[in-house]
Amino acid sequence: MKRIGVLTSGGDSPGMNAAVRAVVRKAIYHDLEVYGIYYGFAGLISGEIEKLDRGSVGDIIHRGGTKLYTARCEEFKTLEGQKKGIEQLEKFGIEALIVIGGDGSFQGAQKLAEHGYPTIGVPGTIDNDIPGTDYTIGFDTALNTIIDAIDKIRDTATSHERTYVIEVMGRNAGDLALWSGLADGAETIMVPEVEDDMEDIISRLKRGHKRGKKHSIIVVAEGVGSGVDIGKEIQQKTELETRVTVLGHIQRGGSPTAQDRVLASRLGAKAVELLLAGEAGKMVGIEKNELVSHDINEILARKHILDNEMYELSKVLSI
Ligand code: ATP
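The numbering of the sequence shown is this note's numbering, which starts it at 1449 and goes up by one.
Following this line, the structure appears as structure tokens:
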């Protein structure tokens, strides 16, 4: 193998740049040529591809977003789109591909592998919703951004003696809500994996208020539903002044934390190692601080599981 490609796809996440850098540098270290494919699978189809050298990934390790840009591309879900992508790879003489993204991007990677094209996936998404890895690239940074925001909201919540509902990202996974809620001592954490009893939440809020609590923080994962609607219901039923903050895309940006930079560097380099070892159709991950790899097929068939022990602990600590 002489020439590989790398792309970022789906939602951007802080640390993707560090992963691209690791792929490029590790590949060059092993005398491979590396081509960057811009705008994910969309750029693969349209041929927005250029050679990267060690300098082209300089000064990006600390930057959020992705230097290769990203996109969502419906056309790549079709056989025709995938064929166009493979034609471009052949045109540029790219023999194998590393795809950095979330589970949707892995479906695209898997399609390429099924067409006989060696592809390795690197989990890059703030949602932490990919099985086979304890952490995804970007999760830690997003988590710290949320914590910073909740700390600030807590100050004003206490000053005004208000109830605050904070909606956080995570798609169908509750990890960002659970971790940030636990780290910030939220009174209630609502995650899509657990069905909540709204009446129980209301009576706990009322009890807390009677006991003299100055504020209450309720963290809601976007997968549960609209934070605005939940806030309205809480205000109506508790008669406590309630405000809602939807954190939105602020959670996706920012300079990656040390944890995400190191994770991205390790996973990016590991992906190149797998290609050099002749592997294909795999995803790299980290489990118990060990680098691992799994068949993408197996990962796509599995469901992400929320850490139940952590969830139970959050309930105990918020009595
Ligand atoms: P995130 O979870 O952070 O948003 P993601 O990778 O899951 O990231 P998606 O929008 O689901 O984001 O997927 C990214 C892209 O992967 C899609 O726009 C499409 O180009 C490709 N893709 C998704 N599903 C398939 C599929 N079934 N076949 C081929 N390609 C796919």
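Glycine included, C-beta positions come from ideal geometry on N, C-alpha and C. Owing to the predicted nature of the structure, the values given are computational and were not obtained by experimental measurement.
Backbone CA spacing between residue i and residue j [nearest angstrom]
{"i": "Asn1620", "j": "Gly1675", "result": "15 Å"}
{"i": "Glu1562", "j": "Gly1729", "result": "8 Å"}
{"i": "Ser1457", "j": "Lys1658", "result": "49 Å"}
{"i": "Leu1688", "j": "Met1758", "result": "28 Å"}
{"i": "Glu1635", "j": "Arg1652", "result": "9 Å"}
{"i": "Tyr1486", "j": "Ile1650", "result": "48 Å"}
{"i": "Asp1577", "j": "Ile1476", "result": "31 Å"}
{"i": "Phe1480", "j": "Pro1579", "result": "Residue identity check: residue 1480 is Leu in the sequence provided, not Phe. Cα to Cα, the separation comes out at about 30 Å."}
{"i": "Val1642", "j": "Ile1682", "result": "19 Å"}
{"i": "Ile1534", "j": "Ser1766", "result": "53 Å"}
{"i": "His1478", "j": "Val1505", "result": "16 Å"}
{"i": "Arg1473", "j": "Arg1502", "result": "6 Å"}
{"i": "Leu1754", "j": "His1742", "result": "19 Å"}
{"i": "Glu1538", "j": "Lys1532", "result": "10 Å"}
{"i": "Lys1763", "j": "Gly1733", "result": "30 Å"}
{"i": "Gly1495", "j": "Ile1601", "result": "46 Å"}
{"i": "Thr1526", "j": "Val1694", "result": "35 Å"}
{"i": "Glu1609", "j": "Arg1655", "result": "15 Å"}
{"i": "Leu1516", "j": "Lys1499", "result": "12 Å"}
{"i": "Asp1599", "j": "Val1692", "result": "15 Å"}
Assigned secondary structure, residue i (DSSP; H/G/I helix, E/B strand, else coil)
{"i": "His1663", "result": "coil"}
{"i": "Val1505", "result": "helix"}
{"i": "Leu1455", "result": "strand"}
{"i": "Asp1648", "result": "helix"}
{"i": "Asp1743", "result": "strand"}
{"i": "Ala1728", "result": "coil"}
{"i": "Ala1519", "result": "coil"}
{"i": "Tyr1487", "result": "coil"}
{"i": "Tyr1565", "result": "coil"}
{"i": "Met1449", "result": "coil"}
{"i": "Glu1738", "result": "strand"}
{"i": "Val1639", "result": "coil"}
{"i": "Gly1696", "result": "helix"}
{"i": "Ala1669", "result": "strand"}
{"i": "Ile1405", "result": "Since the first residue of the chain shown is 1449 and the last is 1767, residue 1405 is not available in this structure."}
{"i": "Gly1675", "result": "helix"}
{"i": "Arg1691", "result": "strand"}
{"i": "Thr1593", "result": "helix"}
Cβ neighbours of residue i in the same chain (closer than 8 Å, five flanking residues each side left out)
{"i": "Ile1698", "result": "Thr1593 and Ala1597"}
{"i": "Leu1748", "result": "Asp1551, Phe1554, Gln1555 and Gln1558"}
{"i": "Leu1739", "result": "Arg1714, Leu1715, Lys1718, Val1732 and Gly1733"}
6 Å Cβ shell around residue i - same chain, five flanking residues per side excluded
{"i": "Glu1647", "result": "none"}
{"i": "Ala1490", "result": "Ala1519 and Cys1521"}
{"i": "Thr1690", "result": "Thr1611, Gly1679, Ile1682 and Gln1683"}
Rounded Cβ spacing between residue i and residue j (contact assumed at less than 8 Å)
{"i": "Ile1665", "j": "Ala1605", "result": "7 Å"}
{"i": "Ile1574", "j": "Leu1624", "result": "7 Å"}
{"i": "Val1639", "j": "Leu1626", "result": "6 Å"}
{"i": "Ile1546", "j": "Val1668", "result": "Incorrect: roughly 35 Å between the Cβ atoms, too far for contact."}
{"i": "Leu1722", "j": "Ile1568", "result": "5 Å"}
Same chain, Cβ closer than 7 Å to residue i, five either side skipped, listed in chain order
{"i": "Ala1467", "result": "Ile1548, Val1570, Gly1572, Ile1585, Ala1712, Leu1715 and Gly1716"}
{"i": "Thr1589", "result": "Pro1462, Gly1463, Gly1702, Pro1704, Thr1705 and Asp1708"}
{"i": "Gly1541", "result": "Arg1451"}
{"i": "Ile1509", "result": "Asn1465, Ala1466, Arg1469 and Arg1709"}
{"i": "Leu1591", "result": "Leu1624, Trp1627 and Ser1628"}
Any chain B beta carbon closer than 9 Å to residue i
{"i": "Gly1572", "result": "This model lacks chain B altogether; it includes just one protein chain."}
Taking a cut-off of 5 Å, which residues have a beta-carbon closer than that to any heavy atom of the ligand ATP, in chain order? Output, sorted by chain position: Ser1457, Gly1458, Gly1459, Phe1489, Arg1520, Cys1521, Phe1524, Lys1525, Gly1549, Gly1550, Asp1551, Gly1552, Ser1553, Gln1555, Gly1556, Lys1559 and Thr1573.
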